[in-house]
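Below is one structure, written out as structure tokens; the observations come after it.
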């Protein structure tokens, strides 16, 4: 599927995003292809009704996330027939209608195939099939991450071990205007945990409609347009937060609050 889609679109990032893979996985898949087309930035054909790069990103990502055809069509402002035709043209996997018994059987088979080895990295789908208690101490892939991001659950509770790459991706999804509910689902965390981590990173309010998909390029554009930067606190080593490049804070809100709490003064 990777090669077929790449042959049609010739854009590694677009293919990776549509198939919820990493860019490296796409590169490796086409590396041994002697006559592979040169990688370029996909541009929509100059004709009325042509699918744009953003529309293709949304179609692939939301189709593989299991959204209904009608819902995807509404997101894109297109007809359900147009979505079905494009899905078929691009070779995205079809939906198979199953009876309730068939679906339950397949689900049971998927659960039984989840590696028991606690050191094994689970796919997002595998981890999503486990209850919170069973994810404790396990590591899983974050859904729709171009960087093959992983999270690990704490052995003694439902919290996860946060790290720099995860903190940065949370911010990028925030700046891409992804819906908090969908971010939490992609990370397999609660919305309250996401809100707490967003406050920790000092992510600014977003004014605008939120969307279920994540497009990395939109975050990059928004960060550049508003001159945001992730800066290390001058007073606390290793404490990073988001602020504006010009005129922004140099000391983190966390540090100011800790000092205020220690000395009993207003932050």
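Residue numbers (full-length UniProt numbering): 1 to 267.
All C-beta atoms in this analysis are idealised placements derived from N, C-alpha and C, irrespective of residue type, glycine included.
Residue 121 has its alpha-carbon roughly 9 Å from the corresponding atom of residue 151. In this structure, DSSP gives residue 213 a state outside helix and strand, which the three-state scheme calls coil. Under the three-state reduction of DSSP output, residue 220 falls in the helix class. In terms of CA proximity to residue 125, 144 leads the group 253, 180, 144, 87.
Separation of residue 249 and residue 97 (C-alpha to C-alpha, rounded to the nearest whole angstrom) is 54 Å. For residue 201, the three-state secondary structure derived from DSSP is coil. Linking residue 50 to residue 83 through their CA atoms gives a straight-line distance of about 12 Å. Segment contact: the segment 36-44 against the segment 200-210, fewer than three CB-CB distances shorter than 8 Å; contact not assigned. The alpha-carbon separation between residue 176 and residue 210 amounts to approximately 9 Å. DSSP places residue 228 inside the beta strand (DSSP E), whose first and last residues are 228-232. For residue 63, the uninterrupted alpha helix (DSSP H) segment begins and ends at 53-64. Every unbroken stretch of the alpha helix (DSSP H) spanning 4 or more residues and falling wholly within the segment 166-193 is given here in chain order: 180-187. Put simply, the segment 5-12 does not touch the segment 63-78. Fewer than three CB pairs are less than 8 Å apart. Bridge pairing for residue 160: 153 [DSSP]. Sorting 26, 245, 58, 185 by C-alpha distance to the C-alpha of residue 213 places 58 at the top. In the DSSP assignment, residue 19 falls outside any beta strand (DSSP E) and carries neither an H nor an E. Secondary structure note for residue 130: it is in no beta strand (DSSP E), with a DSSP letter that is neither H nor E.
By alpha-carbon distance to residue 161, the top candidate from 189, 172, 173 is 189. Here residue 110 has 125, 126, 129 as same chain residues with Cβ atoms under 8 Å from its own Cβ, once five neighbours each way along the sequence are excluded. In the three-state scheme derived from DSSP, where H, G and I count as helix and E and B as strand, residue 142 is classed as coil. Inter-residue distance for residue 195 and residue 184 is about 9 Å (C-alpha atoms, whole angstroms).
Burial state of residue 112 is exposed, judged by a 10 Å Cβ sphere holding fewer than 16 other Cβ atoms.
Beta-bridge partners of residue 242 (DSSP): 230.
Counting the other Cβ atoms within 10 Å of the Cβ of residue 86 gives 16 or more, which makes it buried. Here the C-alpha atom of residue 15 lies approximately 14 Å from the C-alpha atom of residue 38. Note on the segment 57-111: whole alpha helix (DSSP H) runs with a minimum of 4 residues are 69-76, 80-90, in chain order. With fewer than 16 other beta carbons inside 10 angstroms of its own, residue 234 counts as exposed. Nearest to residue 247 by C-alpha distance, out of 229, 236, 258, 254, is 229.
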